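One structure is given here, and the rest of the page talks about it.
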Amino acid sequence: MFRIIGKLFFVFLAFNSFAQDTLPLFVPVKPEKPLMFCSAQKEWIAAVEQREDWVEVKGISNLVIQMPYATFDNFTGHNVYCGIQRAFLHKDGMQKLRWAANSLKKQEPNYKFILFDAGRSNQAQEVLRTAVRGTPWQHFVSSPARGSIHAYGMAVDVGLLNENNELVDMGLPFDSFAFYAGKKGEQQALEQGLLTETQVKNREFLRSIMRQSGWINLPSEWWHFNAAPADSIRAKYTQPLPF
Ligand SMILES: [Zn+2]
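Per numbering that gives the first Met the number 0, the sequence shown starts with residue 0, numbered consecutively.
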């Protein structure tokens, strides 16, 4: 009996260290046939444009839109947004994004925001989730059933560009599945030499700019910010398209 328990304990330990060591290396398998999700994205944009409380993200001088989901170069390998580099938010989210941009202008006039994503249809969310469903990394991608905060137009994925229009180094790229992709694993990664002090400082700077405008950072992703607590958004806001 003790031998069995001992064995189980060993398996438990082995699994734990396995999960820890391999998580940073995980890259979802790319599809054999990459797809363009055009009708779904166009249907969603049409629904968004009908909404008086949603707006297109534009007119912010220190913000550049470069959405990887509107290309094939993202973790799913599909062109989820049909190549359409147009971003939309609920006007409450948009207001906070403007505040953040003003704040950035004051503190780092030569920096710009790079917007990786904003409002997102639940159909697109399903494409993202499918790429990781059933893997230990599925917790990185919200299930459409629960509703991503992006679907309410109240979340953004942002990074920073420096004075040379280069990405400010955050140690890991947007949409990394590593355990230290967000604040949660930063201390450990710093101790293990996986992140430098500068990279953590850069993340802190982005977080502080966003925090000053009321954005709440997701602890597992340095780039993701909600415009209010997730539960209150789910209770107060609606999605442009029913899912
Ligand atoms: Zn996000």
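Just so you know, even glycine gets a beta-carbon here, dropped at the ideal spot from N, CA and C.
Since the model is a prediction, treat every value here as computed from it, not as a measurement.
For this session: Say yes only if the C-beta of H138 is nearer than 7 Å to one or more non-hydrogen atoms of ligand 1, and no if none qualify.
Result: No, Cβ of H138 sits at least 7 Å from all heavy atoms of ligand 1.
Problem set entry | Sequence-ordered residues whose beta carbon comes within less than 6 Å of a heavy atom of ligand 1 | Answer in sequence order: D116, H149, A154, D156, H223.
Exercise. Alpha carbon to alpha carbon, what distance is there between P108 and N78?
Worked result: Counting only the Cα atoms, P108 lies some 33 Å from N78.
Exercise. Per DSSP, which one or two residues make a beta bridge with E55?
Worked result: F87, per the DSSP bridge assignment.
Exercise. Which whole-angstrom value describes the C-beta separation of D153 and A227, a residue pair presumed to lie in contact below a C-beta threshold of 8 Å?
Worked result: Per the sequence presented here, residue 153 reads as Met, with Asp not at that position. Cβ-Cβ separation between M153 and A227: approximately 6 Å, consistent with a contact (criterion under 8 Å).
Problem set entry | Sequence-distant residues of its chain with Cβ nearer than 8 Å to N161 (five each side left out) | Within the same chain, N161 has close Cβ partners N109, Y110, V167.
Problem set entry | Nearest candidate by alpha-carbon position, reference S219, set Q186, K95, Q211, C81 | Among Q186, K95, Q211, C81, the Cα nearest to that of S219 is on Q186.
Exercise. Near E125, which residues of its chain fall below 6 Å by C-beta distance, leaving aside the five closest residues on each side in sequence?
Worked result: P143.
For this session: Please report how far the alpha carbon of S38 lies from the alpha carbon of A46, in whole angstroms.
Result: If you take the alpha carbons of S38 and A46, they lie about 12 Å apart.
Exercise. Any contact of the stretch 55-63 with the stretch 84-99, i.e. 3+ C-beta pairs under 8 Å?
Worked result: Two segments are said to touch when three or more pairs of C-beta atoms, one from each, lie closer than 8 Å; by this definition the stretch 55-63 touches the stretch 84-99.
Exercise. Is the beta carbon of D174 less than 8 Å from the beta carbon of F74?
Worked result: Taking 8 Å as the Cβ cut-off, D174 and F74 qualify as a contacting pair.
Problem set entry | Simplified DSSP assignment, three categories, for N101 | For N101, the three-state secondary structure derived from DSSP is helix.
For this session: Compute the distance between the beta-carbons of S102 and Q211, then report whether it is under 8 Å.
Result: Yes, they are a contact pair.
For this session: Using DSSP bridges, identify the partner residues of M35.
Result: Within the DSSP bridge table, the entry for M35 names N78 as partners.
For this session: Would you check if the distance between the CB atom of A150 and the CB atom of R119 is smaller than 8 Å?
Result: In contact: A150 and R119 (Cβ atoms closer than 8 Å).
Exercise. What residue range is occupied by the uninterrupted beta strand (DSSP E) comprising L160?
Worked result: Here the beta strand (DSSP E) through L160 covers 154-160.
For this session: Determine the direct distance from the alpha carbon of W43 to that of T195, and round the result to whole angstroms.
Result: One Cα belongs to T195, the other to W43, and the distance between them is close to 40 Å.
For this session: Could you tell me if R132 is buried or exposed, where buried requires 16 or more neighbouring beta carbons within 10 angstroms of its beta carbon?
Result: When all chains shown are included, R132 counts as exposed.
For this session: State the DSSP-derived secondary structure class of D116, mapped to helix, strand or coil.
Result: Strand, per DSSP.
Problem set entry | Whether A100 touches N164 by CB criterion (8 Å) | Taking the C-beta atoms as reference points, N164 is found no nearer than 8 Å to A100.
For this session: Give a yes or no on whether the C-beta atoms belonging to P30 and G76 are separated by under 8 Å.
Result: Result yes, Cβ atoms of P30 and G76 sit closer than 8 Å.
Problem set entry | Backbone CA spacing between I232 and V26 [nearest angstrom] | Near 31 Å, if we compare the C-alpha coordinates of V26 and I232.
Exercise. From Y68 to Y80, what distance separates their C-alpha atoms?
Worked result: Spanning the two alpha carbons is a distance of roughly 6 Å.
Exercise. What separation, rounded to the nearest whole angstrom, lies between the Cα atoms of A188 and E51?
Worked result: Spanning the two alpha carbons is a distance of roughly 44 Å.
Problem set entry | Contact set for T70: own chain, Cβ-Cβ below 8 Å, skip 5 residues either direction | In the same chain as T70, and ignoring 5 residues on each side of it, the C-beta atoms closer than 8 Å to its own belong to N78, G82, in chain order.
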